[in-house]
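Here the protein sequences come in this chain order: V, W and X. Quick note: the numbering used here has the first sequence finishing at residue 280, numbered continuously throughout. Quick note: the numbering used here has the second sequence finishing at residue 604, numbered continuously throughout. Quick note: the numbering used here has the third sequence finishing at residue 333, numbered continuously throughout. Quick reminder that beta carbons are idealized off the backbone N, C-alpha and C, glycines included. What follows is a single structure, written as structure tokens, with notes after it.
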Amino acid sequence: MVTTLVTRAVAGDELRARRAGAVTGRNVTAFRAGGAYWWLVISGMAEPLLYLFAIGWGVGALVGDMPLPDGRTVSYLTFLAPALLAAAAMNGAVAESTMNFFAKMKFAKLYDSVLNTPVTPVEIAFGELGWAMMRGSMYSGAFLVLMAVMGVTTPALALVAFPAALLVGFAFGAIGLALATVMRTWQDFDYMGVVQFALFLFSGTFVPVSSYPVAMQVIVQLTPLYHGVELVRGITLDMLSWSLAWNVLYLVVVTLAGLAFAARRMRKLLRK
Amino acid sequence: MAGGGTPADLDAAVTAAAPQGVRAVHPAMAVLEYFLVGYKRVWRGTVFSSFALPVLFFLGMGVAVGAYVDRGGNLDMPYLQFIAPGLLAFTGLQIAMMESGFPVLGNFKWHKIYFGMASAPLRVGDMLLGQLGYISLRVLVAATGFLLVMVPFGAIGSAWAVLTPLVAVLVGLAVATPMFAYSATVQSPNLMAIMFRFGMLPMMLFSGVFFPVEQLPGALQPVAHALPLWHGVELSRAAALDVNAAWPVAVHAGYLALWCVVGFALARIRFIKRLAV
Amino acid sequence: MTDGAPLISARGLIKRFGDFTAVDGIDVDVHAGEAFGFLGPNGAGKSSTMRMIGCVSPPSGGELRVLGMDPQRQGPDIRARLGVCPQEDNLDQELTARENLVTYARYFGIGRKVARQRADELLEFVQLSERAGSKVEPLSGGMKRRLTIARALVNEPDIVMLDEPTTGLDPQARHLVWERLFRLKQRGTTLVLTTHYMDEAEQLCDRLVIMDGGAVAAEGSPRELIERYSTREVVELRFGTDALEPYASKLDGIGARVEVLPDRILLYADDGDTAVPAVYERNLTPSGVLVRRASLEDVFLHLTGRTLVEA
Numbered sequence: 009m010v011t012t013l014v015t016r017a018v019a020g021d022e023l024r025a026r027r028a029g030a031v032t033g034r035n036v037t038a039f040r041a042g043g044a045y046w047w048l049v050i051s052g053m054a055e056p057l058l059y060l061f062a063i064g065w066g067v068g069a070l071v072g073d074m075p076l077p078d079g080r081t082v083s084y085l086t087f088l089a090p091a092l093l094a095a096a097a098m099n100g101a102v103a104e105s106t107m108n109f110f111a112k113m114k115f116a117k118l119y120d121s122v123l124n125t126p127v128t129p130v131e132i133a134f135g136e137l138g139w140a141m142m143r144g145s146m147y148s149g150a151f152l153v154l155m156a157v158m159g160v161t162t163p164a165l166a167l168v169a170f171p172a173a174l175l176v177g178f179a180f181g182a183i184g185l186a187l188a189t190v191m192r193t194w195q196d197f198d199y200m201g202v203v204q205f206a207l208f209l210f211s212g213t214f215v216p217v218s219s220y221p222v223a224m225q226v227i228v229q230l231t232p233l234y235h236g237v238e239l240v241r242g243i244t245l246d247m248l249s250w251s252l253a254w255n256v257l258y259l260v261v262v263t264l265a266g267l268a269f270a271a272r273r274m275r276k277l278l279r280k
Numbered sequence: 328m329a330g331g332g333t334p335a336d337l338d339a340a341v342t343a344a345a346p347q348g349v350r351a352v353h354p355a356m357a358v359l360e361y362f363l364v365g366y367k368r369v370w371r372g373t374v375f376s377s378f379a380l381p382v383l384f385f386l387g388m389g390v391a392v393g394a395y396v397d398r399g400g401n402l403d404m405p406y407l408q409f410i411a412p413g414l415l416a417f418t419g420l421q422i423a424m425m426e427s428g429f430p431v432l433g434n435f436k437w438h439k440i441y442f443g444m445a446s447a448p449l450r451v452g453d454m455l456l457g458q459l460g461y462i463s464l465r466v467l468v469a470a471t472g473f474l475l476v477m478v479p480f481g482a483i484g485s486a487w488a489v490l491t492p493l494v495a496v497l498v499g500l501a502v503a504t505p506m507f508a509y510s511a512t513v514q515s516p517n518l519m520a521i522m523f524r525f526g527m528l529p530m531m532l533f534s535g536v537f538f539p540v541e542q543l544p545g546a547l548q549p550v551a552h553a554l555p556l557w558h559g560v561e562l563s564r565a566a567a568l569d570v571n572a573a574w575p576v577a578v579h580a581g582y583l584a585l586w587c588v589v590g591f592a593l594a595r596i597r598f599i600k601r602l603a604v
Numbered sequence: 023m024t025d026g027a028p029l030i031s032a033r034g035l036i037k038r039f040g041d042f043t044a045v046d047g048i049d050v051d052v053h054a055g056e057a058f059g060f061l062g063p064n065g066a067g068k069s070s071t072m073r074m075i076g077c078v079s080p081p082s083g084g085e086l087r088v089l090g091m092d093p094q095r096q097g098p099d100i101r102a103r104l105g106v107c108p109q110e111d112n113l114d115q116e117l118t119a120r121e122n123l124v125t126y127a128r129y130f131g132i133g134r135k136v137a138r139q140r141a142d143e144l145l146e147f148v149q150l151s152e153r154a155g156s157k158v159e160p161l162s163g164g165m166k167r168r169l170t171i172a173r174a175l176v177n178e179p180d181i182v183m184l185d186e187p188t189t190g191l192d193p194q195a196r197h198l199v200w201e202r203l204f205r206l207k208q209r210g211t212t213l214v215l216t217t218h219y220m221d222e223a224e225q226l227c228d229r230l231v232i233m234d235g236g237a238v239a240a241e242g243s244p245r246e247l248i249e250r251y252s253t254r255e256v257v258e259l260r261f262g263t264d265a266l267e268p269y270a271s272k273l274d275g276i277g278a279r280v281e282v283l284p285d286r287i288l289l290y291a292d293d294g295d296t297a298v299p300a301v302y303e304r305n306l307t308p309s310g311v312l313v314r315r316a317s318l319e320d321v322f323l324h325l326t327g328r329t330l331v332e333a
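Structure follows, in structure tokens:
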């Protein structure tokens with residue numbers, strides 16, 4: 009009952025886990041059928057690895073060691089790896105929740121038939137998000153295992169970092185769904201891609217935020233990936249402090265706001 | 328991303344090419360014109376993305392990471408100068424692959440544009456040349472824009488830099504032609520995304536744009552040498568900074584030209600095959 | 023057949039899109055076990071009405087009860103008991119025929135085991151068992167339609183709603199669909215369908231409304247409507263490419279009514295075989311003569327003053 013009231017307040021519509029789960033299940037079925045989509049999802053794991061080797065190791069050889077806020081110095085690869093994990097969580101979630109979601113809504117008209125069932129628009133949104141999370145957790149999990157194997161982090165810290173990476177994915181999945189409901193054409197995704205890429209480059213990912221000009225530092229600290237990078241880096245490099253709670257809070261708020269917006273927009277778009 | 332107008336645009340363009348049976352314009356020009364008509368509708372978004380991505384890379388890697396690289400002194404030039412010509416060559420790769428990926432698949436699978444062209448008096452060679460001309464223009468504009476951004480950052484060390492946009496075009500054609508062949512073969516958009524992931528991304532990361540190829544393990548170096556982007560990066564860096572390329576300039580350029588020729592031949596075969604359905 | 027409260031009941035039902043009124047205050051009752059049809063040209067408001075009944079489109083005005091519930095507040099509960107076959111086959115292209123059915127059943131909260139079992143039964147019912155493992159794309163138009171119909175049955179619905187079930191199908195595929203729908207009817211399933219095919223309405227519907235411009239123009243069984251708005255038979259007269267008005271004026275009094283269409287003249291008569299000689303007696307020599315039973319097309323023509331085809 010309480011959950012019903014909460015979801016009504018956030019989403020403005022009925023939300024049952026079982027029906028949202030059926031929407032997630034549809035994607036799992038499509039994934040398990042194999043073929044190109046399976047390869048696409050599985051090969052997504054390779055992307056952060058390629059960046060890790062090219063930038064962390066290749067450019068890292070030119071950079072040398074990086075100082076951490078707590079006074080330690082670490083290899084550039086160690087500095088970069090947690091940020092790439094957060095960025096991978098973002099990219100995985102955004103890919104599924106924007107492009108694929110938009111294509112299903114506008115072109116495949118997939119939801120038209122789903123809406124003839126008891127499933128509500130909000131449940132579709134949550135179901136899609138559920139799948140984006142499954143996909144994101146595959147990437148995060150694999151990357152964390154690699155980080156532990158390479159000695160960038162310890163297995164214990166990797167375990168703690170896993171839910172943190174999922175939270176980053178949740179936040180970006182929710183933002184992505186919200187964006188997909190206001191997109192008009194594929195052209196809009198060009199703009200979104202650029203913004204996403206800017207976040208990837210300038211969220212303290214490749215260099216510490218402290219090395220940016222002050223005005224830029226302020227702006228960066230307002231954006232979501234910054235908080236994701238701070239959180240994941242803080243955990244995996246053993247810099248646990250209360251400031252991480254702020255990062256968590258920020259990401260939770262963004263997730264709820266994104267979902268509430270997406271659900272309301274979807275009802276408007278789909279129940280004409 | 329859609330790259331193209333409506334079938335009516337095409338008819339108009341083809342008719343303009345051959346009024347009353349007199350061939351006033353080469354048919355490939357009609358195809359080019361058709362793509363430019365479509366481009367008029369989408370140029371804002373594409374300018375933003377095709378120009379913004381390399382510029383963001385330039386700022387994020389060249390300027391921000393560059394400060395840390397230069398502190399180490401492991402390169403014999405400022406990192407900004409090292410990365411800028413490479414990114415310029417990459418601009419050609421990126422636009423060319425994007426434009427010869429989804430749009431080509433779409434023109435076969437959804438919009439059926441090529442089938443419309445094939446039923447007009449156009450040969451496959453004309454269709455390819457026209458669209459390649461369009462892609463070349465796109466690369467040229469973006470690369471020139473990027474070059475102008477680099478100048479105030481002091482990333483350019485030679486007047487020969489004016490040639491770098493042409494290098495970007497050459498790189499673009501070297502990847503666009505085989506990509507045409509690939510896009511004309513596959514059926515699933517997911518396979519397109521996989522090509523970007525395993526074709527474009529590794530090429531971008533390991534072709535000497537961000538760090539010298541000599542740093543790669545010995546076994547991987549020949550792979551980087553075999554792919555087109557490294558040659559473009561070498562040519563571009565040689566022109567922008569007036570330094571020696573790894574190999575003679577003619578070898579780099581000739582190798583890229585070879586990719587263009589073989590790619591074009593493959594694309595032609597795949598187009599003819601797919602149009603014959 | 024019509025005992026108990028109606029399953030669907032609409033009073034003054036309205037749907038507006040901006041300034042455009044798609045459905046303009048219609049009254050409809052559908053009872054259990056009936057096959058009920060909405061007949062009319064494209065744009066008559068049939069699909070909008072169907073979407074409101076299907077609880078995917080909120081009404082702009084009037085009253086609507088479906089299965090005794092309010093679509094605005096109890097949408098999910100109503101949809102749980104409806105089976106919808108939309109105008110376009112919006113099947114899931116990434117899944118196989120069987121996966122389409124199983125996945126769809128899951129949206130109704132049906133357990134996986136039951137879902138699989140039902141999918142197999144339904145594939146059998148629509149004669150697609152051999153194509154169970156096939157993706158959607160290679161299926162023919164008729165197969166896709168049958169699969170969509172099977173999908174609409176996966177929750178064992180109280181009402182099956184079909185929006186133009188045979189539009190775009192070739193004659194053979196159409197007959198196969200009709201035959202399957204007839205089987206459903208025999209089982210006592212309530213069918214609500216839209217169509218712009220007269221023969222389809224006559225074949226399948228116990229009762230129907232003719233819609234035009236968002237309003238109900240007439241209501242009744244196919245037979246009743248024909249009797250009320252037409253004669254028993256119709257004579258179609260063709261005169262090559264001549265202008266038809268001069269001929270029409272000479273036909274007065276032969277039948278009950280004369281209708282001039284762009285390509286032919288319709289002569290409404292209770293007995294066509296006595297009407298035809300009467301035409302020749304007036305020194306008219308048509309290039310073509312056809313005597314046929316009156317159909318819903320004639321009813322529609324009478325009510326709206328134009329043929330369905332050009333509407």
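Exposed unless 16 or more other CB atoms sit within 10 angstroms - verdict on residue i
{"i": "ARG134(X)", "result": "exposed"}
{"i": "ASP264(X)", "result": "exposed"}
{"i": "THR211(X)", "result": "buried"}
{"i": "SER211(V)", "result": "buried"}
{"i": "THR15(X)", "result": "Nothing about residue 15(X) can be reported from this structure: the residues present for chain X run from 23 to 333 only."}
{"i": "GLY332(W)", "result": "In this prediction, GLY332(W) has a pLDDT of 47, which is less than 50 and means its spatial position is unreliable; nothing more can be read from the coordinates."}
{"i": "THR81(V)", "result": "exposed"}
{"i": "PRO549(W)", "result": "exposed"}
Host beta strand (DSSP E) of residue i (start-end)
{"i": "SER31(X)", "result": "30-39"}
{"i": "TYR461(W)", "result": "Premise fails: TYR461(W) lies in the alpha helix (DSSP H), 451-477, not in any beta strand (DSSP E)."}
{"i": "TYR290(X)", "result": "287-291"}
{"i": "LEU184(X)", "result": "181-185"}
Reduced DSSP category for residue i - H, G, I as helix; E, B as strand; rest coil
{"i": "PHE248(X)", "result": "Here the sequence assigns Ile to residue 248(X), which means Phe is not the residue at that position. Note: ILE248(X) maps to helix in three-state DSSP."}
{"i": "CYS587(W)", "result": "helix"}
{"i": "PHE42(X)", "result": "strand"}
{"i": "GLY310(X)", "result": "strand"}
Residue i beta carbon near the ligand MN (any heavy atom closer than 6 Å)
{"i": "PRO129(V)", "result": "Of ligands this structure carries none, so the ligand MN is not represented either."}
Contact check, residue i vs residue j, beta carbons under 7 Å
{"i": "ILE276(X)", "j": "ALA240(X)", "result": "no"}
{"i": "GLY79(V)", "j": "TYR147(V)", "result": "no"}
{"i": "GLU136(V)", "j": "LEU23(V)", "result": "no"}
{"i": "GLY535(W)", "j": "TRP557(W)", "result": "yes"}
{"i": "ARG564(W)", "j": "PRO354(W)", "result": "no"}
{"i": "ALA482(W)", "j": "LEU407(W)", "result": "yes"}
{"i": "GLY266(V)", "j": "ALA186(V)", "result": "yes"}
{"i": "LYS68(X)", "j": "GLY76(X)", "result": "no"}
{"i": "LEU518(W)", "j": "PRO555(W)", "result": "no"}
{"i": "ARG245(V)", "j": "ASN255(V)", "result": "It should be pointed out that residue 245(V) corresponds to Leu in this sequence rather than to Arg. Cβ distance not < 7 Å, so LEU245(V) and ASN255(V) don't count as in contact."}
Contact with chain X by residue i, beta-carbon distance below 7 Å
{"i": "GLU136(V)", "result": "no"}
{"i": "ARG273(V)", "result": "no"}
{"i": "VAL153(V)", "result": "no"}
CB contact check: residue i to chain V, cutoff 7 Å
{"i": "ILE521(W)", "result": "yes"}
{"i": "PRO98(X)", "result": "yes"}
{"i": "VAL431(W)", "result": "no"}
{"i": "GLU186(X)", "result": "no"}
{"i": "GLY76(X)", "result": "yes"}
{"i": "GLN653(W)", "result": "For residue 653(W) there is no data in the structure shown, the boundaries of chain W being 328 and 604."}
{"i": "ASN122(X)", "result": "no"}
{"i": "VAL106(X)", "result": "yes"}
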